[in-house]
Structure formats: C-alpha cells, structure tokens
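Undergrad: I have a structure I would like to understand better, so I am pasting it below and will then ask my questions one at a time.
Numbering (the UniProt record's numbering), first residue to last: 1 to 157.
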C-alpha cells in the first residue's frame, strides 16, 4: 500500500466567533466547536484518502479555555495514523484575540474516520509516515490510543 507524509493531509481553518455562536455564559457553544472539529477532521481525512469519509469516533474533548465574540478560532488537523480503512486525525484548536494578540489553547482531540467507496463500503487508505518531531510523537503514540478506544468499546458493549 502507498505511503504518504503526514503533512500532506495538514489542514488549517480560521473561524470568527460571532454573537450567534455564544451561549448564556457569553462564550462559544461547545457543540459549535465540536462541529468545526468534525468538519476539519473530515476534510483532512478526505484529503488523505481522496474519497468520502464518515466519522467513527471522537475521543474525549476537554475545553481548556473559552472563546468569546470577536475571538478567532484557529483549527489545525493532520492524519497521524491509519488502519486498513480508518484514519486517526489530530485536531488542535486555539482562540486568539486579534486586538490584543492574546492566544490560548482551547482544546485538542483525536477523531477516527473511515474511508468509504462509491457503494458506501469501507475502502483501503494509504499509510502515513512522520517527518517532524511532533509528527513522530503523534505517530508513535497512536497505537496506545487505538488500544484505549478498543478497551472503551468492550466496556460499552
């Protein structure tokens, strides 16, 4: 099977937090951020697989810092490991106040997406290989995350 460098799938998206995005605490809805995470992960996985994808799972998402109206969210995603038909995508989210320059980490998450063929059946994907130290870290720790997901599935069923 073909191998691709991890950075080929890298995707960056920028979103402005608007008044319709906030909750009664005057911070962005967590669900809105989750939708952005799912969207960029799907784009990243499609870029890698060159086919349609579906989200199979989202690992836990912990919100570290809030974002408010006027902040800009920067989402960055990369395929960090692959199975036969699945891809693990890492998504990192920061919030930035463009007027003050303050930048804060909002959340990070790992998602698993599955490549689908034209018959809506799982289809094989190319493998990935890391080049930077950060990519190597993501790649080398992927096996443990996969094992943790499998353990959670056993408990849930």
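Note that beta-carbon positions come from the ideal geometry of N, C-alpha and C, so glycine has one too.
All of these numbers come straight from a predicted model, not from anything done at the bench.
Between which two residues does the beta strand (DSSP E) holding residue 44 run?
TA: Note, residue 44: premise wrong, no beta strand (DSSP E); alpha helix (DSSP H) at 30-49.
Undergrad: On the premise that residue 125 lies in contact with residue 108, defined as a C-beta separation below 8 Å, what is that separation, rounded to the nearest angstrom?
TA: So it is not a contact: roughly 23 Å between Cβ atoms.
Undergrad: Taking the Cβ atom as the reference point for each residue, do residue 114 and residue 4 lie within a distance shorter than 8 Å?
TA: No. Outside cutoff.
Undergrad: What would DSSP say about residue 94, mapped onto helix, strand or coil?
TA: Looking at residue 94 - three-state DSSP - the assignment turns out to be strand.
Undergrad: Across the stretch 65-74 and the stretch 19-26, are there enough close Cβ pairs to call them in contact, namely three or more that are closer than 8 Å?
TA: The stretch 65-74 is in contact with the stretch 19-26.
Undergrad: Checking the sheet assignment: what are the DSSP bridge partners for residue 108?
TA: Bridge partners of residue 108: 92.
Undergrad: Of all the options 17, 40, 94, which has the alpha carbon lying nearest to the alpha carbon of residue 58?
TA: Cα-wise, what sits closest to residue 58 is 40.
Undergrad: Once you ignore the five residues that flank residue 7 on each side, which residues in its own chain have a CB closer than 6 Å to its CB?
TA: The answer is none, since no qualifying residue turns up.
Undergrad: Quick check on the burial criterion: 16 or more other C-beta atoms within 10 angstroms. Buried or exposed for residue 11?
TA: The residue in question, residue 11, is buried, as its Cβ has 16 or more Cβ neighbours within 10 Å.
Undergrad: For residue 86 versus residue 44, is the C-beta spacing smaller than 8 Å?
TA: It is not a contact, given that the beta carbons lie outside the stated cut-off.
Undergrad: Distance, Cα to Cα, residue 65 vs residue 98?
TA: Spanning the two alpha carbons is a distance of roughly 16 Å.
Undergrad: Identify the residues that DSSP records as bridge partners of residue 52: which are they?
TA: 116, per the DSSP bridge assignment.
Undergrad: Contact check, residue 117 vs residue 51 under 8 Å by CB: the rounded distance?
TA: Between residue 51 and residue 117 the Cβ distance is about 7 Å, and since that is below 8 Å, they are a contact.
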